[in-house]
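First comes the structure, then the notes that go with it.
2 protein chains.
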Amino acid sequence: MVVEKFNKMAIKDYQECKVYIRPVRDVIDMIGSKWKLPILVALGFKDHRFNELERQIQGITPRMLSRELKDLEFNKLVKRVVSCPDDNIVKYGLTEEGKSLEQVITAMRIWGTDYRKKIMKKNDFELR
Amino acid sequence: MVVEKFNKMAIKDYQECKVYIRPVRDVIDMIGSKWKLPILVALGFKDHRFNELERQIQGITPRMLSRELKDLEFNKLVKRVVSCPDDNIVKYGLTEEGKSLEQVITAMRIWGTDYRKKIMKKNDFELR
Chain A
1 MVVEKFNKMA IKDYQECKVY IRPVRDVIDM IGSKWKLPIL VALGFKDHRF NELERQIQGI
61 TPRMLSRELK DLEFNKLVKR VVSCPDDNIV KYGLTEEGKS LEQVITAMRI WGTDYRKKIM
121 KKNDFELR
Chain B
1 MVVEKFNKMA IKDYQECKVY IRPVRDVIDM IGSKWKLPIL VALGFKDHRF NELERQIQGI
61 TPRMLSRELK DLEFNKLVKR VVSCPDDNIV KYGLTEEGKS LEQVITAMRI WGTDYRKKIM
121 KKNDFELR
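So the protein lines, in turn, are chains A and B.
Mapping of the first sequence onto my numbering: position 112 corresponds to residue 112, and the numbering continues sequentially without gaps.
Mapping of the second sequence onto my numbering: position 88 corresponds to residue 88, and the numbering continues sequentially without gaps.
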């Protein structure tokens with residue numbers, strides 16, 4: 001009886017754990033790939049044309065950039081902006097969702113920078 | 001000359017971009033693996049004994065749990081706590097660094113939960 005109660009509690013906790021974990025995983029999936037994070041960071045600075053992004057993010061191929069931008073658009077984090085209607089210049093920028101995600105990325109960056117200073121230096125890790 | 005200036009600017013931006021990205025990647029590396037996030041979330045609730053963690057995190061093997069805990073200890077996010085010196089009961093808990101990382105995870109969770117509600121429901125995605 002006690003064991004049963006404990007198991008039920010454990011399952012309840014685990015379910016609660018899963019509810020906690022899913023949305024965090026979503027964020028990791030959305031920004032964890034090699035290129036999405038640099039794209040979002042670059043667009044956090046300012047809107048970019050496709051070619052500007054390609055130049056900015058060293059090593060990315062046009063094909064990869066195109067695919068990643070499509071993913072980000074599909075996830076409603078990035079949108080196309082016609083910045084100069086006369087010349088039909090298209091730029092990519094962050095949506096409201098993208099901007100709010102950028103705040104989360106900033107929180108991660110601040111923590112990570114602080115961590116590097118405190119822990120990695122203390123351990124004499126090589127700062128990449 | 002103009003091109004040279006542009007290239008210098010681009011490289012400066014890219015360097016700046018890298019400085020932004022590295023600490024975020026550190027966070028992703030630290031919590032992105034299949035098991036580290038559930039372990040940190042579980043320990044965010046309360047300190048756990050090894051067996052409790054094993055029960056709590058469905059699917060993890062003792063070997064994996066042991067390895068992940070070692071990693072987390074090495075990264076100074078998790079520490080061993082002797083909760084009951086007489087019985088020598090060892091529990092695992094979050095360090096100060098681990099606790100502050102948990103706040104970042106909470107920011108990710110809040111954003112992710114909000115995102116699921118707004119975007120995924122709108123798109124009729126299946127909520128896993």
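Every residue, glycine too, gets a C-beta built ideally from N, C-alpha and C.
Computed from a predicted model, the values in this text were never measured in an experiment.
| Check | Outcome |
| --- | --- |
| For B:Glu-52 and B:Glu-97, the rounded distance between their alpha carbons | 22 angstroms |
| Residue nearest to B:Met-108 in terms of C-alpha spacing, selected from A:Trp-35, A:Thr-61, A:Leu-101 | A:Leu-101 |
| Whether A:Asp-47 touches A:Lys-76 by CB criterion (7 angstroms) | no |
| Under 9 angstroms by beta carbon: chain A residues contacting B:Leu-101 | Trp-111, Tyr-115 |
| Proximal chain A residues relative to B:Tyr-20, where beta-carbon distance stays under 7 angstroms | Val-41, Arg-109 |
| Close-in-space but distant-in-sequence residues of the same chain around A:Val-81 (CB under 8 angstroms, 5 per side omitted) | Asp-47, Val-90, Lys-91, Tyr-92, Gly-93 |
| Chain B within 7 angstroms of A:Pro-38, Cβ atoms only | yes |
| Beta-carbon spacing of B:Pro-38, A:Ile-21 below 7 angstroms | yes |
| Cα-Cα separation between B:Ile-60 and B:Thr-113, rounded to whole angstroms | 25 angstroms |
| Of the listed residues A:Val-19, A:Lys-34, A:Lys-118, A:Ile-105, nearest to A:Phe-45 (C-alpha basis) | A:Ile-105 |
| Cross-chain neighbours of B:Glu-97 in chain A, by beta carbon under 8 angstroms | Tyr-115, Lys-118, Ile-119 |
| Proximal residues of chain A, C-beta to C-beta of B:Pro-23 below 9 angstroms | Met-108, Arg-109, Ile-110, Trp-111, Gly-112, Thr-113, Asp-114, Tyr-115, Arg-116 |
| Chain B contact residues for A:Ile-105, given Cβ-Cβ distances below 7 angstroms | Val-24 |
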